[in-house]
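Read in order, the letters of the first sequence correspond to residues 1336 to 1921 in the working numbering.
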Amino acid sequence: MITNNQIAETFEQIADLLEFQGANAFRIRAYRNGARSVRDLADPIAGLMQDPEVDLTKLPGIGKDLAAKCRELVEHGTIAMLEELLREIPVSVLSLLRIPGLGPKKAAVLHRELGIDNLEQLAEACQSGTVRKLKGFGAKTEEQILKGMAIAEAAGQRIYWARADEIAQRLRSFLSSCEAVRQLELAGSYRRGKETVGDLDVLVDSSNVNEVMDRFQQFEDVADVIQRGDTKMSVRLRSGLQVDLRVVPTASFGAALQYFTGSKEHNVLVRGRAKELGLRVNEYGVYRAGENGEAVGPSIAGSTEEDVYRAIKLPWIAPELREARKELQWAEQGELPTLITAEDLIGDLHMHTTATDGAASIEEMIAAARQRGLRYVAITDHSRRVTMANGLDPKRLRSQWQQIDKLRASIPDDFVVLKGIECDILEDGTMDLPDDVLEEADWVIASVHYGQNQSRERITERIVSALENPHVDVIAHPTGRLINRREPYQVDLEAVMRVAKQHGKILELNANPARLDLNDVHCAAAKAMGIPIVISSDAHSVEGLDVLRYGVLQARRAGLTRHDVANTRGWPELKKIMGHPHAKQQ
DNA sequence: GCCGTTTTCGGCCCGACTGTTTTCAGTCG
């Protein structure tokens, strides 16, 4: 069955090809909006279409045409219009667009005038000096293109948020020591807490642009200055990451922060709303709009983000929610959720030790968890099927539990250690450990690690049967995806959630930066169904416990509050909300 | 191509920087 992601990517490809053709910019945007709308949908379009009652044009950004194209794609696996486009434009020319500074117009000229289809041919044309002869191109353009080759070849690689955070924090402390810097914020997708980050946006409040830019240039990771103007400067780091710096005056800092935090789509809505109110919003402030929509008079807001939102009669909206989903509607109606924070988490219910593939002992994990302010942990090593990790059989598992029993005596009463297991859901749908063993556990995680290429029906059945097992508490990393590395396995999450709800089970938001599984859309769907989410570290070392905050960011983007997340509660309360019939602890 | 308490046409967010230009187009975010 075709996934929403595949549909979205098809629409994106059409948009790319239309852009290359020089089509109407708003038509192109309509395809991109449609792609986003499909991606934001928790239920697969292909499934929805089975129901004759469902009208796809009710989805935002999907009209008659895109609905028909969805149908065509689901029924025929392709779209005639896309096939037609692909006959006219070799798909390889799209790689030209990945060169910084080369957009659809210039790429189209290269294709039309010089017959260039791919990056290799483009490099040759630049080296032989034929590109500079084209109208609108020059020697500098050739130079820029050649310089951008390596970037284009490695393009599309967005780094994990956690990696961006490491760079961002170093950059922040480096720049903050510059006296000319009055305020500093990182904006963009980093501030919105997206799973991956394509570049960093740094915003500085200063009246001494040159001093700030000089300092920026001295950051140890800087490999290259891409551009430097009066307010804006861009560099490329040695890692290939681009960092953009903007320097603005204090009066504009909030407007600029709002603007550069995005998302682009959120800002379109913000500006549209401003327009309705007779205002104009740009990165310098909020202004009254003249007859032709131009800014008139002094700014009426701009020094803080709160002011900017207030000017358009909205409360401040957390950056994680600024994706043009429901946030404006919530803000208008006073229904913005109070998002969960990292401090709200008081337990961690998924971690490994040296008994299997972890690097630290049970004692070390407990000490580290207490040091981090947690009040309970579950020790959840792998089960025997995971031979690579030296998974536990019933005998070794019971001996680990005896060890935990002994340890409990030496641990203060205010900290709870749970006897847990991450038990594999085998390829045939049975659990890797017998019921009489699982029954003795305080906390049972069920996971799919093997047979990820099975059919959608099979994998769904496996997970559903695990949920029907009375001893299972939670499904770990429910889609199995690894960001940038592995697609999710095929699974009917709607069916999984229905059964989870029915049996009072929990779903995991695995906080490992490479997993972040469930994603934001699915977490929001779980919340809507009243299924609790547990944010877990899946730590394989002491440091592994620190990833919980990445999971919290993901939960915030899903609009989750502390009430939606199970491990914001103490263990006894958590046990109660689950109706945990087999819990032995306390 | 989408959308509509300014509805079925005419809008659709906005500014900085660069290179190739003699006043602006293309790209980017």
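C-beta atoms are modelled at their ideal positions from N, C-alpha and C, and glycine is treated no differently.
Assign residue i to one of three DSSP states: helix, strand, or coil.
| i | result |
| --- | --- |
| R1447 | helix |
| R1615 | strand |
| H1915 | Residue placement at H1915 is poorly supported in this model, since its pLDDT is 45, which falls under 50; the coordinates still yield a value, given next. Three-state DSSP puts H1915 in coil, outside helix and strand. |
| A1630 | strand |
| T1639 | coil |
| L1510 | helix |
| M1384 | coil |
| Q1492 | coil |
| D1549 | helix |
| I1756 | strand |
| V1721 | coil |
| L1437 | coil |
| V1751 | strand |
| M1700 | helix |
| M1336 | coil |
| T1903 | helix |
| V1428 | helix |
| A1653 | coil |
| D1808 | coil |
| E1477 | helix |
| I1739 | helix |
| A1695 | coil |
| D1881 | helix |
| K1599 | helix |
| L1604 | helix |
Starting from residue i, follow its DSSP beta bridges and name the residues at the other end.
| i | result |
| --- | --- |
| G1682 | Y1711 |
| T1896 | L1674 |
| Q1504 | Per DSSP, none; premise fails for Q1504. |
| T1566 | None, per the DSSP bridge assignment. |
| L1531 | Per the sequence shown, residue 1531 should be read as Thr rather than Leu. The partner list for T1531 (beta bridge, DSSP) reads Y1495. |
| E1520 | L1538 |
| R1581 | L1538 and K1567 |
| V1557 | L1572 |
| L1727 | S1718 |
| M1929 | Residue 1929 lies beyond the stretch modelled for the chain, which goes from 1336 to 1921, so this question has no answer here. |
Are residue i and residue j close, meaning C-beta to C-beta below 8 Å?
| i | j | result |
| --- | --- | --- |
| L1576 | I1494 | yes |
| R1526 | T1596 | yes |
| L1592 | E1520 | yes |
| G1637 | G1682 | no |
| L1684 | S1871 | yes |
| L1394 | S1372 | yes |
| L1773 | H1806 | yes |
| L1817 | A1849 | yes |
| L1572 | L1895 | no |
| G1628 | K1599 | no |
| V1444 | I1337 | no |
| V1826 | I1794 | yes |
| D1716 | E1757 | yes |
| V1752 | I1760 | no |
| K1567 | L1612 | no |
| A1402 | M1686 | no |
| A1377 | A1860 | yes |
| E1640 | R1891 | no |
| L1535 | V1578 | yes |
| I1342 | E1354 | no |
| K1862 | D1899 | yes |
Would you kindly report the start and end of the unbroken beta strand (DSSP E) that includes residue i?
| i | result |
| --- | --- |
| M1416 | No beta strand (DSSP E) contains M1416, which is instead part of the alpha helix (DSSP H) from A1415 to E1423. |
| G1620 | G1620 to A1624 |
| E1774 | It is not in any beta strand (DSSP E) - E1774 carries neither H nor E in the DSSP assignment. |
Does at least one heavy atom of the ligand COA sit under 7 Å from the Cβ of residue i?
| i | result |
| --- | --- |
| K1468 | Inclusion of the ligand COA in the displayed structure is not the case, the ligand content being empty and no account of it being possible. |
Taking the continuous alpha helix (DSSP H) assigned at residue i, which residues delimit it?
| i | result |
| --- | --- |
| W1778 | Not the alpha helix (DSSP H): W1778 falls in the beta strand (DSSP E), residues W1778 to S1782. |
| V1373 | A1360 to R1374 |
| L1353 | N1339 to Q1356 |
| L1391 | Looking at the DSSP string, L1391 is not in any alpha helix (DSSP H), and its letter there is neither H nor E. |
| F1595 | F1588 to T1596 |
| K1399 | K1399 to H1411 |
| T1795 | R1791 to E1803 |
| G1455 | The residue asked about is misnamed: residue 1455 is Glu in this sequence, not Gly. Start and end: L1454 to Q1462. |
| E1667 | E1662 to E1667 |
Contiguous beta strand (DSSP E) assignments of at least 3 residues, all confined to the segment 1810-1876: 1841-1845 and 1868-1871
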